[in-house]
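Residue 1 is where the sequence shown starts when you use the UniProt record's numbering, and the numbers rise one by one after that. Note that beta-carbon positions come from the ideal geometry of N, C-alpha and C, so glycine has one too. On a predicted model such as this, the values are computed, not experimentally measured, just so you know.
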Amino acid sequence: MAASLDDMFSLCVDPGKAASSVEVRFIDNLKGKGLFAKKSIKKGDTIFIERPLVSAQFLWNDLYKYKACEYCLRALETAEENARRLSGNPALSLPHAELCCVHPELHQACPQCQVMYCSSECRQAAADQYHRVLCLGPSQDDPSHPINKLKNTWRSMHYPPETSSIMLMAKMVAAVKQAKDKAHWQKLFSHFCSRTANEEEEIAHKLLGEQFRGQLAVLNGLFTAALYDDHLSRWFVPEGFCSLFALVGTNGQGIGTSSLSQWVHGCDALELPTQQREQLDSFIDQLYKDIEKGHCFISVLQCFLE
Ligand SMILES: [Zn+2]
Ligand SMILES: [Zn+2]
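Laid out in structure tokens, this is it:
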């Protein structure tokens, strides 16, 4: 989820650069706010890089062991590991392996639950923001833990291709629970486009899928059992829970992270003699063909990540 109007650029890596390229304007009550260019932007330009307010990996994607940093979602699998797994060829070796952006030597696990991060910075940021509340410690794989019950129930209602995760909502609650300045976080979340109760209910049902229309109350119960907090009691009553759903349904975005596609971009940018360029291009073409051929099922599960 991206930040609100007031804080829009404060979460950007370079707020000044973002503010010189684009501006946020209010469109209308239905669309909410929109982003408008302030100058002409060339194809391929990076307009801005923004840290998410909260982010969470899709839960089926996680179950199927697509390894991503728990905080920033960067791939933890090297381009070569990714290519081997997706092509089903364990002997595959990628040329120009130095172009892979994944650095396994920097990866760190939470010492209590062993959840993985791409760096000590991400591990610390997660711990500071929400992970102290959400760390399951030795119960990480215990299906009877309230958080795992919530995840499993969500998976049973929300099959791939996934569009959202109940853990986004859990992280929002955890961030407020952990924060010293709870009002700051509540204000950040309250800035998002809000709708009438009827519209929110429609969005929540759409997110959940037609066949699970009646199941919002089940998730509400599990969510409350896992995360209830007095400061946030309004998010746990049915109307508030529905609003939370609508908030995530309208403001959440699916993003893709793939070490293999980053490696391919790196290869595309290499300056090579004609013959080597042709060899590399045909290697990449063949690799994509092998991936398509062998692993349709996995590709479907990862359609937001490839
Ligand atoms: Zn990370
Ligand atoms: Zn942990």
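Checklist entry - In chain order, what residues of the same chain have a beta carbon less than 7 Å from the beta carbon of S259, not counting five sequence neighbours either side? => result A75, E77, T78, A79, N82, C100, C101 and V102
Item to check | For L216 and A204, believed in contact at Cβ under 8 Å, the rounded distance | outcome: 6 Å
Checklist entry - What do you reckon, are the CB atoms on F58 and C12 nearer than 8 Å? => result No, the pair does not count as a contact, with Cβ atoms beyond the cut-off.
Next on the checklist: Any residue with its Cβ nearer than 6 Å to a heavy atom of ligand 2 should be included. What is that list in chain order?
Outcome noted: C110, Q112, C113, V115, H131 and C135
Checklist entry - Any heavy atom of ligand 1 closer than 7 Å to the CB of C242? => result no
Checklist entry - Where does L73 sit, in a helix, a strand or coil, going by DSSP? => result coil
Checklist entry - Does any heavy atom of ligand 1 sit closer than 7 Å to the C-beta of R51? => result no
Next on the checklist: Could you check whether the Cβ of Y117 sits closer than 7 Å to any heavy atom belonging to ligand 1?
Outcome noted: yes
Next on the checklist: According to DSSP, residue 318 sits in a beta bridge with which residue or residues?
Outcome noted: Lying outside 1 to 306, the shown extent of the chain, residue 318 is not represented and no answer is given.
Checklist entry - Considering only C-alpha positions, which residue in the set D128, V218 and F36 is nearest to V54? => result Comparing alpha carbon positions, the residue from D128, V218 and F36 closest to V54 is D128.
Next on the checklist: Taking only three categories from DSSP, how would you classify L136?
Outcome noted: coil
Checklist entry - Taking 7 Å as the cut-off, does the CB of Y66 come closer than this to any heavy atom belonging to ligand 1? => result no
Checklist entry - R74: beta carbon under 7 Å from a heavy atom of ligand 1? => result yes
Item to check | Coarse secondary structure for Y159, derived from DSSP in three states | outcome: coil
Checklist entry - Could you give the C-beta distance for S165 and G249, rounded to a whole number, given that I count them as a contact under 8 Å? => result The pair is not a contact, with the Cβ atoms about 12 Å apart (cut-off 8 Å).
Item to check | Simplified DSSP assignment, three categories, for I27 | outcome: Strand, per DSSP.
Item to check | Whole-number beta carbon distance between M167 and A68, since they are thought to touch under 8 Å | outcome: Contact doesn't hold; Cβ gap of about 13 Å is too wide.
Checklist entry - Which ranges does the alpha helix (DSSP H) cover as unbroken runs of at least 4 residues, wholly within the segment 171-250, from first to last along the chain? => result 182-190, 197-208, 216-227 and 233-236
Checklist entry - How long is the line joining the alpha carbons of L222 and P146, rounded to whole angstroms? => result 7 Å
Item to check | Any non-hydrogen atom of ligand 3 closer than 7 Å to Y228 Cβ | outcome: Because ligand 3 does not appear in the structure shown, any question about it cannot be addressed here, the ligands present being ligand 1 and ligand 2.
Checklist entry - Smallest Cα separation from K42: which of G32, S21 and K177? => result S21
Checklist entry - From this set, A174, D290 and Q178, which residue's C-alpha is nearest T224's C-alpha? => result A174
Next on the checklist: Assuming the contact rule is C-beta atoms closer than 8 Å, K38 and E23 should be a hit. Round their C-beta distance to whole Å, please.
Outcome noted: 6 Å
Item to check | Stretch pair the segment 116-134 + the segment 171-191: three plus CB contacts closer than 8 Å | outcome: yes
Item to check | Reduced DSSP category for F304 - H, G, I as helix; E, B as strand; rest coil | outcome: Confidence at F304 is low in this model, with a pLDDT of 38, below 50, so the placement of that residue should be treated as unreliable; the coordinate-derived value is given next. F304 falls in the coil class under three-state DSSP.
Checklist entry - Could you check where the alpha helix (DSSP H) with K33 kicks off and where it finishes? => result Element bounds for K33: not the alpha helix (DSSP H) but the beta strand (DSSP E), G32 to A37.
Item to check | Cut-off 8 Å between Cβ atoms - residues of its own chain near C296, not counting five sequence neighbours on either side | outcome: Note on C296: pLDDT 46, under 50, position unreliable in the model; no value is reported.
Checklist entry - So is the beta-carbon of Y288 under 7 Å away from any non-hydrogen atom of ligand 1? => result no
Checklist entry - Hey, quick one: how far does the alpha helix (DSSP H) through L94 stretch, first residue to last? => result Taken as a continuous stretch (DSSP letters only), L94 belongs to no alpha helix (DSSP H), as it is neither H nor E.
Item to check | Exposure of V264, with buried meaning 16 or more beta-carbon neighbours within 10 Å | outcome: buried
Next on the checklist: For ligand 1, I want to know if C69 counts as a neighbour, meaning its beta carbon is within less than 7 Å of at least one of the ligand's heavy atoms.
Outcome noted: Relative to ligand 1, the nearest heavy atom lies less than 7 Å away from the CB of C69.
Item to check | Span of the alpha helix (DSSP H) around L59 | outcome: Segment L59 to L63, the alpha helix (DSSP H) holding L59.
Item to check | Simplified DSSP state of E50, which is helix, strand or coil | outcome: In the structure shown, E50 sits in a strand (DSSP, three-state: E or B).
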